[in-house]
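Report on the structure given below.
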Amino acid sequence: MSMFFIIFFSLYAVLHAYVFIKARNAFKFSLITGSILAFVFLLCLFMPLLVRTFEHSGHEGIARVLAYGGYIWMSTIFIFFVISVSIDISRLCIIIFSSIAKINLPHTIHSGLVFFLVSAVASIAITVYGYHEARTIRMERIGIETSKLPPGINKLTIVQISDVHLGLINKDVRLRRVVEIIKDIKPDIVVSTGDLVDGQINTLNGLSDILKEVQPRYGKYAIMGNHEFHAGVKISEDFTQKAGFEILRQRSVTVKNLVNIVGVDDAGHWGMQSTVTDKKLLEGVPRNIFTVFLKHRPEVDNKLLGLFDLQLSGHTHGGQVYPFRYITQVSFPMVAGLYPLNDDTALYVNRGTGTWGPPIRFLTPPEVTVFEIVRQ
Numbered sequence: 004m005s006m007f008f009i010i011f012f013s014l015y016a017v018l019h020a021y022v023f024i025k026a027r028n029a030f031k032f033s034l035i036t037g038s039i040l041a042f043v044f045l046l047c048l049f050m051p052l053l054v055r056t057f058e059h060s061g062h063e064g065i066a067r068v069l070a071y072g073g074y075i076w077m078s079t080i081f082i083f084f085v086i087s088v089s090i091d092i093s094r095l096c097i098i099i100f101s102s103i104a105k106i107n108l109p110h111t112i113h114s115g116l117v118f119f120l121v122s123a124v125a126s127i128a129i130t131v132y133g134y135h136e137a138r139t140i141r142m143e144r145i146g147i148e149t150s151k152l153p154p155g156i157n158k159l160t161i162v163q164i165s166d167v168h169l170g171l172i173n174k175d176v177r178l179r180r181v182v183e184i185i186k187d188i189k190p191d192i193v194v195s196t197g198d199l200v201d202g203q204i205n206t207l208n209g210l211s212d213i214l215k216e217v218q219p220r221y222g223k224y225a226i227m228g229n230h231e232f233h234a235g236v237k238i239s240e241d242f243t244q245k246a247g248f249e250i251l252r253q254r255s256v257t258v259k260n261l262v263n264i265v266g267v268d269d270a271g272h273w274g275m276q277s278t279v280t281d282k283k284l285l286e287g288v289p290r291n292i293f294t295v296f297l298k299h300r301p302e303v304d305n306k307l308l309g310l311f312d313l314q315l316s317g318h319t320h321g322g323q324v325y326p327f328r329y330i331t332q333v334s335f336p337m338v339a340g341l342y343p344l345n346d347d348t349a350l351y352v353n354r355g356t357g358t359w360g361p362p363i364r365f366l367t368p369p370e371v372t373v374f375e376i377v378r379q
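Here this note's numbering is used: the sequence shown runs in plain steps of one and ends on residue 379.
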């Protein structure tokens with residue numbers, strides 16, 4: 004059992020305990036009602052484990068129903084916690100100020116029921132909106148000037164997808180929407196910067212054929228994210244290749260003397276170390292050609308600045324549900340968007356084209372990113 008899972012499960016248990024205490028203080032329910040509610044909370048707490056259990060045993064339909072219910076609950080309880088704590092802090096400040104200023108406050112300021120209901124209604128409303136936002140894929144256009152395009156080529160269009168997380172929840176409906184967006188763009192190159200598949204990929208029948216419909220003139224290229232390693236290297240590679248991608252694992256390609264594409268695994272986080280360093284890879288490509296560096300996590304080694312022109316990353320989902328963005332920024336300060344690294348080098352962090360866990364996004368819509376590399 005990984006340390007991440009232990010920490011995550013512990014925090015998730017604390018959220019349930021907090022909401023249970025809030026509900027008990029608000030409704031003053033009996034021992035029997037409290038016992039029933041505690042059982043329901045325990046069931047919700049262990050829902051992600053139940054999902055994996057049913058999925059492993061081949062009961063995909065049951066697993067999908069439990070996944071939707073369990074993961075939507077996960078986002079709702081997190082949002083409730085944030086709203087409720089914010090209200091508690093605000094109430095405390097108001098009570099302290101009114102006590103100092105000798106101001107009489109209405110009785111409702113002390114009502115646990117009123118503020119519980121306010122938090123509950125607000126969190127449900129945000130969850131409903133977040134479900135809609137997660138299904139609304141936004142196209143982001145980024146223009147980049149360079150003097151490295153060869154004569155006769157004035158523009159090169161590259162589309163980035165990242166963190167699609169195809170699996171139990173993200174399936175053919177979302178993928179067809181992504182594919183239609185890419186087809187409308189008519190890019191020269193398509194890249195996937197990891198986590199194309201989710202941790203379990205036994206539910207991906209037919210999805211590779213949908214992705215194969217995208218056929219840009221200069222090809223499709225992909226790297227391995229952490230979820231590809233979690234699912235299994237061989238089956239992840241098989242799916243990605245069937246979808247028409249060329250996988251770059253500590254490898255570079257020079258496409259028609261137009262662009263260098265260098266790709267590295269996220270394998271260092273899974274106990275696998277490559278004998279080929281990023282620096283050696285980047286030093287091996289022609290510097291007079293525009294170089295795109297595909298790296299799943301938005302981590303930048305300052306020693307590599309000047310060896311590539313544009314690094315494309317993902318992994319963070321932009322936090323996925325606000326204000327989780329600020330927690331994500333603790334580990335990844337460059338959490339979403341374009342970050343100039345120096346005069347000639349930039350990093351772009353994709354917010355993710357899909358969702359991980361809850362099919363919910365709030366103030367961080369999913370994206371397909373279009374890079375227009377134009378002559379300076």
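By construction, the Cβ of each residue, glycine as well, lies at the ideal position given by its N, Cα and C atoms.
Everything numeric in this text was worked out from a predicted model, so none of it was measured.
{"Query": "Can you give the beta carbon distance from residue 347 to residue 312, rounded, assuming they're within the 8 Å contact cut?", "Result": "7 Å"}
{"Query": "Less than 9 Å between the beta carbons of residue 178 and residue 66, yes or no?", "Result": "no"}
{"Query": "Measuring straight from C-alpha to C-alpha, what distance separates residue 78 and residue 130?", "Result": "7 Å"}
{"Query": "Round the Cβ separation of residue 370 and residue 160 to the nearest angstrom and send it over; I've been treating them as touching at under 8 Å.", "Result": "About 16 Å separates the two Cβ atoms, so there is no contact after all."}
{"Query": "Let me confirm a value: residue 128 is counted as buried when at least 16 other C-beta atoms fall within 10 Å, else exposed. Which label applies?", "Result": "exposed"}
{"Query": "Please say whether residue 373 and residue 316 have beta carbons closer to each other than 9 Å?", "Result": "no"}
{"Query": "According to DSSP, simplified to helix, strand and coil, what is residue 221?", "Result": "coil"}
{"Query": "Quick one: what's got a C-beta closer than 8 Å to residue 3's C-beta in the same chain, skipping five residues either side?", "Result": "The displayed coordinates of the chain run from 4 to 379. Any statement about residue 3 would go beyond what the structure contains."}
{"Query": "Less than 8 Å between the CB atoms is what I'm expecting for residue 1 and residue 26, so what's the real figure, rounded?", "Result": "Nothing in the structure corresponds to residue 1, since the chain is present only between 4 and 379."}
{"Query": "Which residues bound the alpha helix (DSSP H) around residue 6?", "Result": "6-30"}
{"Query": "Taking only the alpha-carbon atoms, compute the straight-line gap between residue 234 and residue 17 and give it to the nearest angstrom.", "Result": "29 Å"}
{"Query": "State yes or no: is the C-beta of residue 148 within less than 9 Å of the C-beta of residue 288?", "Result": "no"}
{"Query": "Buried or exposed for residue 367, going by 16 or more other Cβ atoms inside 10 Å?", "Result": "buried"}
{"Query": "Which residues in the same chain as residue 350 place their Cβ atom closer than 7 Å to its Cβ, once the five residues preceding and following it in sequence are excluded?", "Result": "301, 303, 314, 316, 337, 342 and 344"}
{"Query": "Using C-beta distances below 8 Å, list every residue in its chain close to residue 190, excluding the 5 sequence neighbours before and after it, in chain order.", "Result": "160, 161, 162, 219 and 373"}
{"Query": "Can you have a look at residue 169 and say buried or exposed, based on whether 16 or more other CB atoms are within 10 angstroms of its CB?", "Result": "buried"}
{"Query": "Between which two residues does the beta strand (DSSP E) containing residue 349 stretch?", "Result": "349-352"}
{"Query": "What's the call for residue 274, buried or exposed, on a 16-neighbour Cβ count within 10 Å?", "Result": "Caution applies to residue 274, whose pLDDT of 48 falls short of 50 and renders its modelled position unreliable; the value that the coordinates give is listed next. Exposed is the call here."}
{"Query": "Rounded C-beta distance between residue 329 and residue 264? I'm assuming under 8 Å.", "Result": "So it is not a contact: roughly 33 Å between Cβ atoms."}
{"Query": "If you measure between the beta carbons of residue 200 and residue 239, is that distance less than 9 Å?", "Result": "yes"}
{"Query": "Would you mind reading off the limits of the alpha helix (DSSP H) that contains residue 134?", "Result": "115-137"}
{"Query": "Quick check on the burial criterion: 16 or more other C-beta atoms within 10 angstroms. Buried or exposed for residue 230?", "Result": "buried"}
{"Query": "Using a Cβ-Cβ cutoff of less than 8 Å, which residues in the same chain neighbour residue 157 once the five nearest sequence positions on both sides are dropped?", "Result": "377 and 378"}
{"Query": "Classify residue 285 as buried or exposed, calling it buried when 16 or more other Cβ atoms lie within 10 Å of its own Cβ.", "Result": "buried"}
{"Query": "Confirm, please, whether the CB-CB distance from residue 105 to residue 196 is below 9 Å.", "Result": "no"}
{"Query": "How long is the line joining the alpha carbons of residue 91 and residue 113, rounded to whole angstroms?", "Result": "10 Å"}
{"Query": "What does a CB cutoff of less than 8 Å around residue 249 pick up in its chain, not counting 5 residues either side in sequence?", "Result": "222, 223, 224, 225 and 256"}
{"Query": "By the DSSP assignment, the beta strand (DSSP E) with residue 340 in it spans what residues?", "Result": "340-343"}
{"Query": "I need the straight-line Cα distance from residue 145 to residue 76, nearest angstrom please.", "Result": "35 Å"}
{"Query": "Given that a residue counts as buried once 16 or more other Cβ atoms are within 10 Å of its Cβ, and exposed if not, what is residue 283?", "Result": "exposed"}
{"Query": "In terms of alpha-carbon separation, which member of 354, 331, 327 and 86 lies closest to residue 339?", "Result": "354"}
{"Query": "Quick one: residues in its chain with C-beta nearer than 8 Å to the C-beta of residue 322, no 5 flanking neighbours on either side, listed in chain order?", "Result": "328, 329, 330, 331, 332, 338, 339 and 367"}
{"Query": "Please look up how many angstroms separate the CB atoms of residue 101 and residue 95, rounded, as I've assumed it's under 8 Å.", "Result": "Not really, about 11 Å apart at Cβ, beyond 8 Å."}
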